[in-house]
Amino acid sequence: MKDGVNGVALGVFVFFFLAVTVLGFLASRWRKAENEHSLDEWGLGGRSFGTWITWFLLGGDLYTAYTFVAVPAAIYAAGASGFFAVPYTILVYPLIFTFLPRLWSVSHRHGYVTTSDFVRGRFGSKGLSLAVAVTGILATMPYIALQLVGIQAVLDVMGVGGGEDTNWFVKDLPLLIAFGVLAAYTYSSGLRAPAMIAFVKDTLIYIVIAVAIIYIPIKLGGFDEIFAKAGEKYTAAGAGGLVPAQAGQWTYATLALGSALALFMYPHSITATLSSKSREVIRRNTTILPLYSLMLGLLALLGFMAIAAGVKVTNGQLAIPQLFEDMFPDWFAGVAFAAIGIGALVPAAIMSIAAANLFTRNIYKDFIKPDATPEQETKISKLVSLLVKVGALVFVLTMDKTVAINFQLLGGIWILQTFPALVGGLFTRWFHRWALLAGWAVGMVYGTLAAYGVASPTQKHFGGSAKEIPGIGEIGYIGLTAFVLNVVVTVVLTFVLKAVKAPDGIDETTPADYTADAGDPGVEVELPPATAGTSH
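Each residue of the sequence shown is one higher than the one before, starting from 0 at the first, in numbering that gives the first Met the number 0.
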């Protein structure tokens, strides 16, 4: 580790940071709408993005700074089991091909901005809609915090902010500045800001990965040497070498499957999806997004390279930034740090917008001010997006980083419990709204209590996301077990509630809504300002 501030790397980092800041503010003039005072414009970019903009936006949304730091860090610490992220991102694209176009169509037809809007309209239940909204907000908050952790890791390696004995304000000032800039251009430009910045972010990441996968192995003596040194480390640590032990295979498989099911349940994934201009854009994106999975596989190999390079860090999240500083020339280390830093700004902006939209449409409008105008909705959403980012910043500055990571793991368990209502509702109206709500509650309670009981060497509770699967005896992903319980409860109660003829709610959608495209009759519906997006 180099002493002091890496001036050259910092200079390059600041250059790119200033460049994307300018882009973020200019984005408010990009494709400027006649009426900016609506969530369609501020929160969904006017639902106007084409194939490539959507591709960059979804890529910037899903492959975050935390991905850049945490996936290879998992390989660095635990070996090949950290590769679970690669198969889960392969599994997810055929899955979303089946349901995202349907969600886009029905949302475009009815003016839905969030998944909770759809759930309320499909099942006629504000209670179920509220459950989905609250789950989405809770799952998103720690995810935003982890983007700030990614920026902080880069700043630490560059030596910015001083040592541990430095005054807290001075130490955290760079992060506070980054946060302030992010908050300002998100407030000003809405979803257009991260959409424009995503071009820079993804280009930088592809360049850095391409260079790293060639340049670093040459410096380290080739991949044979890299894998040999990594294998020696895992064997010495009792991890059984590069391949995880048989006992960990259930954990690996269930974590990959559960993560694949959960990824597009997150509000920010849906926000980026609904911003596209046509159903065909979504279908095309599910076929080209796997390019990011290829990049992710190469990215994961950096964990082995960090071992071979002799990187020693007390916090595994610093392993890859430290590898870049040790192996690259200072100027290119700055480029790599900028890729990680900007890789935090894009998803953090989208996540805060998505959480704000959920609050505005499904809590504020549904329960506090039903007659809110589109202009009032937009104003509230802008303010809430600021509060969400402030909450994430306070979380990062006041709590241990492992707590943020554990809450993000818990968020994955939680968000998976919205799958039956959202995806199930896109294909069938058979499930009863009360059964879906009960199944959600069972999954949430079981998942939270099971995760609470998991200990790790460093903490007593929330120490991981895997536990013994009841009735099977294997260690598996808690989120998937909770999801199975959720589905079982939902199915059984649906039979019971239908047998006793419990009120089923009003479905405001029609079969034709789920296959409609832009330009089809009835898609471009002009809703009255005071009632746009509400159930009827």
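A virtual CB, placed ideally from N, CA and C, is assigned to each residue, including glycine. Note that the structure is a prediction, hence the values are computed from the model and not measured.
The residues R278, I281 and R282, in chain order, have a CB closer than 7 Å to that of P100 in the same chain once the five nearest residues on each side in sequence are set aside. In this structure, I204 sits away from M304, with a CB-CB distance that is not shorter than 8 Å. Rounded to the nearest whole angstrom, the CA to CA distance from F336 to D329 is 10 Å. Cβ atoms of Y186 and L385 come within 8 Å of each other, at about 6 Å. Setting aside the 5 residues that flank it on each side, K276 is surrounded in the same chain by R46, S47, F48, G49 and A517, each with a C-beta closer than 7 Å to its C-beta; the list follows chain order. The shortest CA-to-CA distance from L295 to any of L56, G123 and V68 is the one to V68. Around the beta-carbon of H460, fewer than 16 other beta-carbon atoms lie within 10 Å, marking it exposed. In the structure shown, S292 adopts helical secondary structure according to DSSP, grouped into three states.
Taking C-alpha positions only, T372 is separated from W103 by approximately 24 Å.
Within the same chain, and ignoring the five residues on either side of K232 in sequence, the residues whose Cβ sits closer than 7 Å to its Cβ are I306. Residue state for F303 is assigned as helix, using DSSP reduced to three classes. Among the bridge pairs identified by DSSP, Y476 is matched with A465.
Boundaries for I505: no alpha helix (DSSP H) harbours it, and the DSSP string shows neither H nor E there. For W29, the CB contacts under 7 Å within the same chain, skipping 5 residues up- and downstream, are R191 and M195 in chain order. A direct Cα-to-Cα measurement between L137 and L260 gives close to 18 Å. Between T53 and A271, the C-beta gap is smaller than 8 Å, which places the two residues in contact.
Measuring C-alpha to C-alpha distances from L448 to each of P456, G424 and T480 identifies T480 as the nearest. Counting C-beta pairs with one atom in each stretch, the segment 129 to 136 and the segment 346 to 357 have three or more that are closer than 8 Å, which means they touch.
Counting along the chain, N361 sits inside no alpha helix (DSSP H), nor does DSSP assign it H or E at all. In the three-state scheme derived from DSSP, where H, G and I count as helix and E and B as strand, S275 is classed as strand.
Following the DSSP letters along the chain, one finds Q375 inside the alpha helix (DSSP H) bounded by residues P373 to T397. Closest by C-alpha distance to A511, out of F426, L435, F430 and I477, is F426.
The beta-carbon separation of T113 and L357, rounded to 5 Å, stays under the 8 Å limit for a contact.
Here the alpha carbons of A501 and G81 stand approximately 46 Å from one another. Taking each of G315, L129 and L344 in turn and checking the Cα distance to D365, the smallest one comes out for L129. Distance check between I212 and each of L94, A299 and L127 places A299 closest, using alpha-carbon atoms only. Our two residues, I414 and G438, have alpha carbons roughly 13 Å apart in a direct line. Here F83 carries a helix assignment [DSSP, helix/strand/coil]. Counting only residues of its own chain and dropping the five nearest sequence neighbours on each side, L219 has a CB closer than 7 Å to the CB of I225, M304, A307 and A308. Pairing P289 with F96, the inter-Cα distance amounts to about 12 Å. The beta carbon of A73 sits closer than 6 Å to the beta carbons of G81 from its chain, once the five residues preceding and following it are set aside; these are given in chain order. Between V483 and P419, the CB-CB gap reaches or exceeds 8 Å. Going by beta carbons, G42 and S380 fall inside the 8 Å limit. In this structure, DSSP gives F327 a state outside helix and strand, which the three-state scheme calls coil. Annotation for I215: the continuous alpha helix (DSSP H) segment containing it runs R191 to L219. Taking C-beta separations shorter than 6 Å and ignoring five residues to either side along the sequence, the partners of P141 in its chain run A403, F406, Q407 and G410, following chain order.
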